[in-house]
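Read the structure below first, then the notes.
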Amino acid sequence: MNELDDWLNEISTYKLPRWEELPELELYRDQLLTLVDRYLRPIWIDDTPVVTASMVNNYVKNDMMPAPVKKHYRKSQLAYLIVITFLKQVVSMDEIKAGIQSETIQLHSVEHAYNTFCEKQEAAISNLSNSQPRKIAPTDSMSDLLIEMVTRTFATKLITRKILSIENVETTKSQIKKGKK
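Going by numbering that gives the first Met the number 0, 0 is the number at position 1 of the sequence shown; the sequence numbering is gapless.
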């Protein structure tokens with residue numbers, strides 16, 4: 000369990016860049032990909048790319064993030080891409096799209112929604128990495144921990160999907176009311 004403990008200690012202090020720390024200048028797609036990789040690589044387990052050009056194209060095509068303007072990406076698109084990269088590990092693309100739209104509307108700006116996401120993601124990583132391994136009894140095995148984490152993940156994903164479902168219904172109702180006025 001030493002390898003796991005070491006890794007959990009490393010990620011317990013992981014920080015995402017806040018809106019104010021994202022670059023103001025316009026970025027080409029390669030620069031965008033490089034920045035996302037730099038920001039997320041410390042917690043990325045696989046040797047696979049964090050994000051690829053084709054992924055970005057698909058996100059834009061599916062209206063999950065704004066399209067580049069004259070092949071340039073701005074701060075807001077970088078924020079969208081960071082959030083999408085996290086969320087796609089857990090929920091479907093349709094759920095991501097609905098969730099981002101809902102949260103951006105409720106929090107009144109991409110900036111506020113992004114910073115809130117960063118705070119919550121860091122807290123979640125820190126809470127799990129700081130508390131979980133310390134609770135493991137000496138008689139517990141990695142397979143016990145694996146089962147616990149998988150079942151916790153399922154339960155969290157289940158609740159997340161229900162919240163997204165409720166949010167989607169409420170957002171749709173709100174948009175219908177605005178259209179009738």
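Just so you know, even glycine gets a beta-carbon here, dropped at the ideal spot from N, CA and C.
> Does the beta-carbon of M63 have 16 or more other beta-carbons within 10 angstroms, so that it is buried, or is it exposed?
Replying inline: buried
> At which residue ranges does the segment 104-173 contain complete beta strand (DSSP E) runs of 3 or more residues, listed in the order of the chain?
Replying inline: none
> What's the gap between the Cα of T115 and the Cα of W18?
Replying inline: 10 Å
> Among Q105, V109, L145 and E166, which has the Cα closest to the Cα of P65?
Replying inline: V109
> Going by the CB atoms, is the gap between S128 and V7 shorter than 8 Å?
Replying inline: A small correction: the amino acid at residue 7 is Leu; Val does not occupy that position in the sequence shown. Result yes, Cβ atoms of L7 and S128 sit closer than 8 Å.
> Can you name the residues that DSSP bridges to V68?
Replying inline: H71
> Considering only C-alpha positions, which residue in the set R40, S75 and D93 is nearest to N57?
Replying inline: D93
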